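In the working numbering, the protein residues as written are 147 to 587.
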Ligand SMILES: Cc1cc2nc3c(=O)[nH]c(=O)nc-3n(C[C@H](O)[C@H](O)[C@H](O)COP(=O)(O)OP(=O)(O)OC[C@H]3O[C@@H](n4cnc5c(N)ncnc54)[C@H](O)[C@@H]3O)c2cc1C
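This is the structure:
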């Protein structure tokens, strides 16, 4: 490997939102950067796919905020989202969040009892945390079953940090919902924790799909992005990151920024076994079944959570209620989220069978679903949600502070091993890049 010079670039692994945020920020500070992206595409989890027949499928993210769009200079290309709402399907009917819960005496009584329980012990697991914050009824019937379906693990094996990431102030939620009704904006709730939520932060959607935001950011640094170039190794001298290996070639780096999932980061990093504990961290794979249907407004809300164990999915989302342009007029798209393991029956199930399975259960919410069904498109990812198991909680907390290796930063949703959405990815990555600039200048 050649000797590093002042002009030696900072190497960035991945051209999703976190990698592009890093690249743009550092380039603006006059620091040379080189981005390696494993796949042929930019945007990672924030991609959209257009089918030739007028449907657009978002891979993961659907909703960004006007504040994120403004921060990346993309407001003019974004459209305000006209409608947003969430419900929970409980005992055969929808319960609107948050007002519907307040109308269920059982939930209110158990939430009050939990608040009054001054002798409650400090929670040790996610299950204890939910019961302490929401009361036993809401925790056992709603919060815990949904958490278990999305994590694929029992709530009493999960850390309390699972709950701590969820907004709990019902009063604040009421206030934000109400201010949204008055301003006719879809005020974002639970989408960002780094900056305060407020009536001035609402949902927008980029023209051309969610991936257009990353494409816009990439325009500023396109000359230094190399796609189809997986980083095979991160080189260290035992204490400090010194470079990477790509396509068999060693490339020196002033610093390395990884957005790769942390169990992969552990495998990539050579010359030290400091990151070995990360190799046991788990992510929850997901299958997204996009059902094409005749009609519009088939669900009671944009997002309907289905905590009932009888459902193979834990959430249905009718995106065209929020973004009518994602489906042709008179048609709609309902996405079912199914948690699974790579290689299990759900993961391997043929697409048309998955469509039929989801349809069978969607009929409980949409009685005439069968006659409206017009096929499906299935997307799969092995890496949708970080799973916060208590068994590696001490290592996760230590990793939150730093990788432990000088000049090696791990950023982004999978890179931080944090269940964060795009605005948090952006601000948190910027914060870490400010730290890096101080370190190297
Ligand atoms: C189901 C789902 C729904 C979501 N909904 C929303 C939403 O509505 N709103 C919202 O704001 N956010 C949402 N999110 C979160 C949002 O998608 C992510 O926070 C964001 O896209 C993460 O960006 P990232 O750059 O951290 O990671 P990624 O997008 O995963 O990018 C990482 C990149 O690194 C590349 N890479 C990995 N390993 C290597 C390697 N060795 N060499 C080179 N390249 C490599 C990958 O190919 C990838 O392109 C959702 C996420 C999911 C899973």
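Where a beta carbon is used, it is the ideal one built from N, C-alpha and C, also for glycine.
Just so you know, these numbers come straight off a predicted model, no measurement behind them.
(Q) Rounding to the nearest angstrom, what Cα-Cα distance links residue 477 and residue 267 in this structure? (A) Along the chain shown, read from residue 1 onward, the residue named residue 477 stands at position 331. Along the chain shown, read from residue 1 onward, the residue named residue 267 stands at position 121. Cα to Cα, residue 477 sits roughly 51 angstroms from residue 267.
Q | Those residues which DSSP pairs with residue 160 across a bridge | A | Here residue 160 refers to the residue found at position 14 when the chain shown is read from its first residue. Residue 160 is not bridged to any residue.
Q: Give the DSSP-derived three-state secondary structure of residue 353 in the structure shown.
A: For this step, residue 353 is matched to residue 207 along the chain shown. Three-state result, residue 353: coil.
(Q) So, with DSSP's three-state summary, where would you put residue 150? (A) The count along the chain shown starts at 1 and reaches residue 150 at position 4. Summary for residue 150: the model assigns pLDDT 49, below 50, so the residue's position carries little reliability, and this model does not support an answer.
Q) Can you tell me whether residue 197 is buried or exposed, with buried defined as 16 or more other CB within 10 angstroms of its CB? A) Here residue 197 refers to the residue found at position 51 of the chain shown. Burial call: exposed.
Q. Of the choices 497, 332, 479, whose alpha-carbon is the least far from that of residue 227?
A. By 1-based counting over the chain shown, the position of residue 227 is 81. Here the closest residue by C-alpha is 332.
Q) What residue range is occupied by the uninterrupted beta strand (DSSP E) comprising residue 470? A) The residue given as residue 470 occupies position 324 in the chain shown. Counting along the chain, residue 470 falls outside any beta strand (DSSP E), and DSSP gives it neither H nor E.
Q: Report the residue from 527, 523, 450, 520 whose alpha carbon sits nearest the alpha carbon of residue 487.
A: As a first step, residue 487 is located in the chain shown; it is residue number 341 there, counting from the start. With distances taken between Cα atoms, residue 487 lies closest to 527.
**Q.** Own chain, CB closer than 7 angstroms to residue 568, minus 5 neighbours either side, in chain order
**A.** Counting from one through the chain shown, the residue named residue 568 turns up at place 422. So the qualifying residues of the chain are 163, 192, 207, 210, 214.
Q. Per DSSP, residue 439 forms a beta bridge with which residues?
A. Here residue 439 refers to the residue found at position 293 when the chain shown is read from its first residue. Paired residues: 478, 519.
Q.
Cutting at 6 angstroms between CB atoms, please list the residues of its own chain near residue 240, excluding the five before and the five after it.
A. Taking the first residue of the chain shown as 1, we reach residue 240 at position 94. Once the five neighbours on either side are set aside, the close Cβ partners of residue 240 are 233, 446.
**Q.** Nearest-angstrom Cα separation, counted from residue 548 out to residue 236
**A.** Indexing the chain shown from 1 puts residue 236 at position 90. Indexing the chain shown from 1 puts residue 548 at position 402. Their backbone Cα atoms lie some 42 angstroms apart in a straight line.
Q. Looking only at C-alpha atoms, which of 534, 389, 204 sits nearest to residue 357?
A. For this step, residue 357 is matched to residue 211 along the chain shown. The shortest C-alpha separation from residue 357 is found at 204.
Q | Inter-residue Cα distance where the pair is residue 224 and residue 260 | A | Locating residue 224 in the chain shown gives position 78, counting from the first residue. Locating residue 260 in the chain shown gives position 114, counting from the first residue. Computed Cα separation, rounded: 42 angstroms.
Q | Host beta strand (DSSP E) of residue 396 (start-end) | A | Taking the chain shown and counting its residues from 1, one reaches residue 396 at position 250. Residues 395 to 398.
Q | Per DSSP, cross-strand counterpart(s) of residue 431 | A | Numbered from 1 along the chain shown, position 285 holds the residue referred to as residue 431. Note: residue 431 sits in no beta bridge, so no partner.
Q. For the alpha helix (DSSP H) that contains residue 389, what are its first and last residues?
A. In the chain shown, the residue the question calls residue 389 occupies position 243. Unbroken run through residue 389 is the beta strand (DSSP E), 387 to 392; no alpha helix (DSSP H).
Q: Mark residue 180 as exposed unless 16 or more other C-beta atoms lie within 10 angstroms of its C-beta, in which case mark it buried.
A: Here the question's residue 180 lines up with position 34 in the chain shown. If you draw a 10 Å sphere on the C-beta of residue 180, you find 16 or more other C-beta atoms in it, and that means buried.
**Q.** Where residue 554 sits in the DSSP three-state scheme
**A.** Numbered from 1 along the chain shown, position 408 holds the residue referred to as residue 554. DSSP places residue 554 in strand when its eight states are reduced to three.
**Q.** Burial state of residue 343, where buried means 16 or more other Cβ atoms lie within 10 Å
**A.** Position 197 of the chain shown, counted from the start, is the residue given in the question as residue 343. Taking every protein chain shown into account, the CB of residue 343 has 16 or more other CB atoms within 10 angstroms, so this residue is buried.
Q: Confirm the yes/no value for this check: CB of residue 409, any heavy atom of ligand 1, distance under 8 angstroms.
A: The sequence position of residue 409 within the chain shown is 263, counting from 1. False, no ligand heavy atom lies under 8 angstroms from that Cβ.
Q. Using the beta-carbon count (16 or more within 10 Å), is residue 572 buried or exposed?
A. Locating residue 572 in the chain shown gives position 426, where the first residue counts as 1. Flag for residue 572 reads buried.
**Q.** residue 399 Cβ short of 8 angstroms to ligand 1 heavy atom set
**A.** The residue given as residue 399 occupies position 253 in the chain shown. No, ligand 1 has no heavy atom inside 8 angstroms of this Cβ.
Q.
Given 8 angstroms as the limit, tell me if residue 405 has its C-beta closer than that to any heavy atom belonging to ligand 1.
A. For the purposes of this step, residue 405 is identified with residue 259 of the chain shown, where counting begins at 1. Checking the Cβ of residue 405 against ligand 1 gives yes.
Q. If you follow the beta strand (DSSP E) that residue 401 is part of, which residue opens it and which one closes it?
A. The residue you call residue 401 lines up with position 255 of the chain shown. Residue 401 -> beta strand (DSSP E) spans 401 to 404.
Q.
Within a Cβ cutoff of 6 angstroms, which residues of the same chain sit near residue 541, ignoring the five residues on either side of it in sequence?
A. In the chain shown, the residue the question calls residue 541 occupies position 395. Excluding sequence neighbours, residue 541 sits near 423.
Q) Can the beta-carbon of residue 501 be found less than 9 angstroms from the beta-carbon of residue 521? A) Reading the chain shown from its first residue, position 355 is the one you call residue 501. Reading the chain shown from its first residue, position 375 is the one you call residue 521. Against a cut-off of 9 angstroms, the Cβ pair of residue 521 and residue 501 comes out as a contact.
Q.
So, at 6 angstroms on beta carbons, what are the nonlocal neighbours of residue 305 in its own chain, with the 5 sequence-adjacent residues on each side left out?
A. Translated into positions along the chain shown, residue 305 becomes position 159. Cβ within range, chain order: 534, 536, 539.
Q) Are at least three pairs of beta-carbons, each pair with one atom in the region 458 to 469 and one in the region 497 to 511, less than 8 angstroms apart? A) yes
Q. Going straight from the alpha carbon of residue 349 to that of residue 531, what length do you get?
A. As a working note, residue 349 is residue 203 in the chain shown. As a working note, residue 531 is residue 385 in the chain shown. Near 22 angstroms, if we compare the C-alpha coordinates of residue 531 and residue 349.
Q) Between the Cα of residue 421 and the Cα atoms of 579, 381, 435, 194, which residue gives the shortest distance? A) The residue labelled residue 421 in the question sits at position 275 within the chain shown. Ranking the options by Cα distance to residue 421, first place goes to 381.
Q.
Give me, in chain order, the residues of the same chain whose beta-carbon lies closer than 8 angstroms to that of residue 303; leave out the 5 immediate sequence neighbours on both sides.
A. Your numbering for residue 303 matches position 157 in the chain shown. 271, 535, 536, 537.
Q. Roughly how many angstroms lie between the CA atoms of residue 255 and residue 248, to the nearest whole one?
A. Position 109 of the chain shown, counting from 1, holds the residue named residue 255. Position 102 of the chain shown, counting from 1, holds the residue named residue 248. Roughly 10 angstroms separates the two Cα atoms.
Q: Report the residue from 439, 479, 453 whose alpha carbon sits nearest the alpha carbon of residue 518.
A: Here the question's residue 518 lines up with position 372 in the chain shown. For residue 518, the nearest C-alpha among the options comes from 439.
(Q) Using only CA atoms, which one of 257, 308, 263, 187 lies nearest to residue 281? (A) The residue you call residue 281 lines up with position 135 of the chain shown. Cα-wise, what sits closest to residue 281 is 257.
(Q) In this structure, how does DSSP classify residue 207 when only helix, strand and coil are distinguished? (A) If you number the chain shown from 1, residue 207 lands on position 61. Looking at residue 207 - three-state DSSP - the assignment turns out to be coil, as it is neither helix nor strand.
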